[in-house]
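Its first residue numbered 534, the sequence shown is counted upward by one per residue in the numbering used here.
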Amino acid sequence: MRQRNGVRYRHAVALRLALAATAILALSVNPALATVMYTVTIDDPANLFPAYHAPIVSNVLAAGARWSQFLVGDATIDLQIGFSGIPTAEGSSVTTGFVRNNGTFNVFEQGAAAEVRTGMDPNGPSPDGVITIGKNYLVNNLAFDPHPAVRSDPIPAGRTDAVSIFIHEIGHILAINGFRDGFNGSLPGDYESTFDEQTTFDGSNFFFNGPRATALYGKPVPLTFGNYVHLGNADPRPGSDLIPDLMNGVQFNTDTRYDISLLDLDIFCDVGVPGTTCQGPVVPEPSTWLLFGSGLVGFLLLRSKLKHRR
Numbered sequence: 534m535r536q537r538n539g540v541r542y543r544h545a546v547a548l549r550l551a552l553a554a555t556a557i558l559a560l561s562v563n564p565a566l567a568t569v570m571y572t573v574t575i576d577d578p579a580n581l582f583p584a585y586h587a588p589i590v591s592n593v594l595a596a597g598a599r600w601s602q603f604l605v606g607d608a609t610i611d612l613q614i615g616f617s618g619i620p621t622a623e624g625s626s627v628t629t630g631f632v633r634n635n636g637t638f639n640v641f642e643q644g645a646a647a648e649v650r651t652g653m654d655p656n657g658p659s660p661d662g663v664i665t666i667g668k669n670y671l672v673n674n675l676a677f678d679p680h681p682a683v684r685s686d687p688i689p690a691g692r693t694d695a696v697s698i699f700i701h702e703i704g705h706i707l708a709i710n711g712f713r714d715g716f717n718g719s720l721p722g723d724y725e726s727t728f729d730e731q732t733t734f735d736g737s738n739f740f741f742n743g744p745r746a747t748a749l750y751g752k753p754v755p756l757t758f759g760n761y762v763h764l765g766n767a768d769p770r771p772g773s774d775l776i777p778d779l780m781n782g783v784q785f786n787t788d789t790r791y792d793i794s795l796l797d798l799d800i801f802c803d804v805g806v807p808g809t810t811c812q813g814p815v816v817p818e819p820s821t822w823l824l825f826g827s828g829l830v831g832f833l834l835l836r837s838k839l840k841h842r843r
């Protein structure tokens with residue numbers, strides 16, 4: 534994912550994320566009794582980055598806990614963190630779980646999602662998901678939050694919030710992932726993911742057509758051309774309004790905290806990941822914006838209280 538300095542976009546992004554966070558807070562007041570937990574191991578055999586091990590673990594655990602607030606299940610997701618020469622970071626599920634044959638394709642969910650849904654680990658003690666961090670990105674770009682569960686400390690100027698990155702990558706590990714070619718939408722065989730099953734390519738652009746996400750957004754959700762397991766596109770392709778979303782595939786701004794949006798949660802519901810927001814009726818777009826507006830004051834009060842904890 535491309536990096537971009539956050540100064541130009543900071544105020545618009547902050548307002549959008551504030552509105553989304555307000556709705557999220559309203560939806561998370563009654564967490565499920567069962568718990569989705571995480572373990573984190575560091576794959577650094579040459580011990581190249583020992584000073585980063587503890588911050589990585591704490592920030593990844595906080596990112597996982599953020600998703601867990603909205604997941605319904607009893608599971609322990611084992612994550613492995615490694616390093617390579619890639620430009621930024623990437624996350625993937627290690628295995629999959631068979632869901633059904635839809636008459637044309639065998640449909641598979643992410644292995645971590647299968648564990649959340651069934652309570653059974655499809656690959657035993659092996660890692661359920663892998664997050665790979667670019668070595669240069671680790672040292673020169675990421676900012677690790679010293680209090681990642683609170684997320685109120687200032688982000689160092691020009692740095693990318695590590696918790697946001699890890700929430701994004703866990704989003705791929707759990708749900709937003711697939712097998713399609715990112716440029717023509719073709720599948721490699723007689724199989725597809727639960728995300729693929731609800732994705733279409735019209736010859737020019739990709740769209741997610743899940744019922745909840747479509748009702749919330751008001752139309753099929755534009756996916757990133759060339760990297761379709763993400764939301765939005767730069768103009769002139771559709772979906773520039775989704776660039777501030779956590780799961781966007783265009784850019785991650787520096788100096789910015791990203792969080793889970795209602796749209797992200799509805800996509801999770803649509804692909805079958807059990808969640809606290811999946812039980813009610815599909816919410817149409819006008820009601821969503823009403824919820825955003827009505828909760829803004831509450832979010833700002835919470836934000837003020839968090840600032841006093843510095």
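From the three backbone atoms N, C-alpha and C, an ideal C-beta is built for every residue, glycine too.
Grouping DSSP H, G and I as helix and E and B as strand, with all else coil, what is residue 761?
Residue state, collapsed to three classes: coil.
Residues near residue 666 by beta carbon distance below 6 Å, same chain, minus five either side
Within the same chain, residue 666 has close Cβ partners 616, 622.
To the nearest angstrom, report how far apart residue 796 and residue 722 are at their CA atoms.
Computed Cα separation, rounded: 29 Å.
Under the three-state reduction of DSSP, which class applies to residue 731: helix, strand or coil?
In the three-state scheme derived from DSSP, where H, G and I count as helix and E and B as strand, residue 731 is classed as helix.
Among residues of its own chain, excluding the 5 on either side of residue 782, which ones have a beta-carbon nearer than 7 Å to its beta-carbon?
For residue 782, where only same-chain residues beyond five positions count, the Cβ hits under 7 Å are 534, 757, 760, 763, 764, 765.
What's the C-alpha gap between residue 554 and residue 719?
Low local confidence applies: a pLDDT of 45 at residue 554 is under 50, so the model's placement there is unreliable, with the coordinate-based value given in what follows. In this model, residue 554 and residue 719 are separated by some 35 Å (Cα to Cα).
Counting Cβ pairs, one atom from each stretch, are 3 or more of them under 8 Å apart for the segment 607-616 and the segment 567-575?
A contact exists between the segment 607-616 and the segment 567-575.
By DSSP, does residue 590 sit in helix, in strand, or in coil?
Note: residue 590 maps to helix in three-state DSSP.
Decide yes or no for the touch test of the segment 802-810 against the segment 730-749: beta carbon pairs closer than 8 Å, at least 3 of them.
The segment 802-810 is in contact with the segment 730-749.
Helix, strand or coil for residue 786? Go by DSSP, reduced to three states.
Residue 786 carries a strand assignment under DSSP once its states are collapsed to helix, strand and coil.
Could you tell me whether the segment 590-609 touches the segment 691-702, where touching means 3 or more Cβ pairs closer than 8 Å?
Output reads yes: the segment 691-702 touches the segment 590-609.
Run of the alpha helix (DSSP H) containing residue 698, from where it starts to where it stops:
Where residue 698 is concerned, the enclosing alpha helix (DSSP H) starts and stops at 695-707.
Could you work out which residue in 689, 688, 707, 731 is closest to residue 608 when comparing CA atoms only?
Closest option to residue 608, Cα to Cα, is 707.
On the CB-based measure, 16 or more other CB atoms within 10 Å of its CB, does residue 713 come out buried or exposed?
Under this definition residue 713 is a buried residue.
Can the beta-carbon of residue 864 be found less than 8 Å from the beta-carbon of residue 648?
The question about residue 864 has no answer, for the chain in this structure spans 534 to 843.
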